[in-house]
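Asker: Sharing a structure with you now.
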Amino acid sequence: MPLKAVLFDMDGVIVDTEPLHRKAYFKMFEDFGIEVSEELYTSFTGASTKKVCSTLTETFKLDETHEDLAAIKRNYFKHYFDTDPDFDLIPGVKDLIVHYYENGIKLVLASSAHMNTINWVFEKFDLEKYFVGKISGADLQESKPHPEIFIVAAEMAGEGKENCMVIEDSTNGIEAAYSAEIFCVAYQSAHSTHQVYDKASLLVSDFTDIEFEKISKYF
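The sequence shown runs contiguously to residue 285 in this note's numbering.
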């Protein structure tokens, strides 16, 4: 069963937008006068903006809709995306993407991020040509840890689940890959905190550890 497709998460795997999301979310919390604990905020990791904002409207009994909250948060996020000097690709990921592409592996992006954000990242870092497809969790019925996104991604790649591999960094994403019954590499970065890796097939902290030749032995 050779490896034929890699399904990439985006946040924490391709780029670290978490600091930008955090700044944007907390500016939005300020606007609505809500106090969000670190514990509650951490529980949002890997969830779509829609799910987060829906949770906030229910938890804090807000009059505004989740769309209202999401629109404000998105505006702040775009500002930081365009202006933050520290925002860049995760070290080594561009080399890995090119390496898989040159080895004939189909790449699909399967992220909880909004499609606008996915497109901004792909444009900013010139990634479009390497991927056969992109999926935003915001366009699906279910959010990670539900397996829907990776089942759809495998279908988009046109490969059986046994020929696919997921690269994830969050508890919710790893759980989604596990439930989809797809081999999952958990990437642990310097930024990873409070994430659970016990359902991952493999744990790495350097992308060179999953180059094609090295990872092929698992398939």
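A virtual CB, placed ideally from N, CA and C, is assigned to each residue, including glycine.
How do the segment 159 to 173 and the segment 111 to 118 stand: do at least 3 beta-carbon pairs fall below 8 Å, yes or no?
Answerer: Counting Cβ pairs under 8 Å, fewer than three are found: no touch.
Asker: List the DSSP bridge partners of Asp77.
Answerer: BP columns for Asp77 point to Val81.
Asker: Measure the CB-CB distance between Ala223 and Ile240 and report whether it falls below 7 Å.
Answerer: Contact: no.
Asker: Comparing alpha-carbon positions, which option in Lys265, Glu214, Glu234, Val81 lies nearest Asp75?
Answerer: Comparing Cα positions, the closest option is Glu234.
Asker: Specify the secondary structure class of Gly199 as computed by DSSP and reduced to three states.
Answerer: It is a strand residue.
Asker: At 4 residues or longer, and completely inside the segment 186 to 236: list those alpha helix (DSSP H) runs for me, N to C.
Answerer: Correct list: 214 to 223.
Asker: What separation, rounded to the nearest whole angstrom, lies between the Cα atoms of Asp161 and Asn238?
Answerer: Approximately 26 Å, taken between the alpha carbons.
Asker: Between His257 and Pro151, what straight-line distance do the alpha-carbon atoms span, to the nearest angstrom?
Answerer: Spanning the two alpha carbons is a distance of roughly 17 Å.
Asker: What number of angstroms, rounded off, separates the C-alpha of Ser236 from the C-alpha of Phe197?
Answerer: In a straight line, the C-alpha of Ser236 is about 22 Å away from that of Phe197.
Asker: Between the segment 102 to 109 and the segment 128 to 148, can you find at least three pairs of beta-carbon atoms closer than 8 Å?
Answerer: No, because fewer than three Cβ pairs between the segment 128 to 148 and the segment 102 to 109 fall closer than 8 Å, the two stretches do not touch.
Asker: Excluding the 5 residues flanking Val262 on each side, which residues of the same chain have their C-beta closer than 6 Å to its C-beta?
Answerer: Answer for Val262: Thr237, listed in chain order.
Asker: Residue ranges of each beta strand (DSSP E) run of no fewer than 3 residues wholly in the segment 160 to 185, ordered along the chain?
Answerer: Complete beta strand (DSSP E) runs here, min 3: 172 to 177.
Asker: Is it true that the segment 205 to 215 meets the segment 78 to 92, where meeting means three or more beta-carbon pairs spaced less than 8 Å apart?
Answerer: The answer is no - the segment 78 to 92 does not touch the segment 205 to 215, with fewer than three Cβ pairs under 8 Å.
Asker: On the three-state DSSP scale, how would you describe Val102?
Answerer: Reduced to three states, the DSSP call for Val102 is coil.
Asker: Ends of the beta strand (DSSP E) at Ala252?
Answerer: Note, Ala252: beta strand (DSSP E), 249 to 253.
Asker: If you drop the 5 nearest sequence neighbours on each side, which residues of the same chain put their C-beta closer than 7 Å to that of Met94?
Answerer: These residues qualify, in order along the chain: Leu135, Ile138, Lys139, Tyr142.
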